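To keep things clear, I will list the structure first and then write my remarks on it.
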Amino acid sequence: MSLIKEEAIRKETVLRIASEMLTAARTAPKARGVDRLFLAVITNEEIQKLSASMIEAKNNGAPEFFERDAANLLQADAVLLMGTSYETQGLQLCGYCGFTNCEEKAKHPDVPCVFNTGDLGIAIGAAVSVGADRRIDNRVMYSAGYIAVKTGLTPPEVKLAYAIPLSVSAKNPFFDRK
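Structure (structure tokens):
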């Protein structure tokens with residue numbers, strides 16, 4: 066019988082749990098049953114590129130915490146990207162976005178649809194619940210999701226995204242930080 070040390074299966078474990086987290090996000094309830102979510106996992110070089118883009122953004126005027134979060138990404142074995150478009154749900158009676166209805170909102174494509182952003186929030190909650198249940202270190206990051214959208218890591222229709230770095234370590238590197 067071979068001895069398999071925990072370190073040898075850490076990344077495999079993180080990727081397995083990442084897939085469970087994305088499954089929970091995909092199956093979370095959606096407004097009108099319309100799914101506008103983008104879900105993906107990045108690893109290795111893509112994490113390094115995203116981290117470097119965050120440092121570059123900080124050097125070009127983004128808040129200081131972008132640099133801290135960029136360093137945190139480098140401690141992750143995988144990063145979930147979860148986003149949505151701003152496309153309307155086609156409702157006649159709503160107005161939650163500030164416009165009379167979806168037809169009026171459609172004339173303003175840079176305004177988010179509250180149902181899509183709500184669906185994204187529910188999906189993120191479902192995903193991080195799975196992460197917590199599996200005892201995987203994680204944290205929802207606006208900064209990394211923002212840069213993922215701005216650098217084209219997400220499809221062009223995705224206008225809003227969050228990133229969730231994942232790790233297995235003695236102390237959660239995404240909360241136990243300076």
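Per our numbering, numbering through the sequence shown is continuous, rising by one, with the last residue being 243. By construction, the Cβ of each residue, glycine as well, lies at the ideal position given by its N, Cα and C atoms. What you are looking at is a predicted structure, and each value in this text was computed from that prediction instead of being measured.
DSSP assignment within the stretch 127 to 208 yields the following whole alpha helix (DSSP H) runs of 4 residues or more, N-terminal first: 130 to 138, 167 to 170, 179 to 198.
In terms of Cβ geometry, Ala191 and Thr92 form a close pair [threshold 9 Å].
When secondary structure is reduced to three states using DSSP, Ala228 falls in the strand class. Rounded to whole angstroms, the separation of the alpha carbons of Leu156 and Asn166 is 6 Å. Bounds of any beta strand (DSSP E) do not take in Ala90; it lies within the alpha helix (DSSP H) bounded by 71 to 92. Distance from the CA atom of Met206 to the CA atom of Ala228, rounded to whole angstroms, is 5 Å. Short of 6 Å from the beta carbon of Gly186, and not among the five residues preceding or following it, lies no beta carbon of its own chain. Excluding five sequence positions before and after Glu85, the CB atoms of its chain that fall closer than 8 Å to its own CB belong to Val195, Arg199, given in chain order. By the neighbour-count criterion, in which a residue is buried when 16 or more other Cβ atoms sit within 10 angstroms of its Cβ, Ser150 is buried. A direct Cα-Cα distance of roughly 19 Å separates Asp100 from Gly210.
For Ala105, the secondary structure class from DSSP, reduced to helix, strand or coil, is strand. When the Cα atoms are used, Gln154 and Gly160 turn out to be separated by approximately 12 Å. Collapsing the DSSP output to three states places Val214 in a helix.
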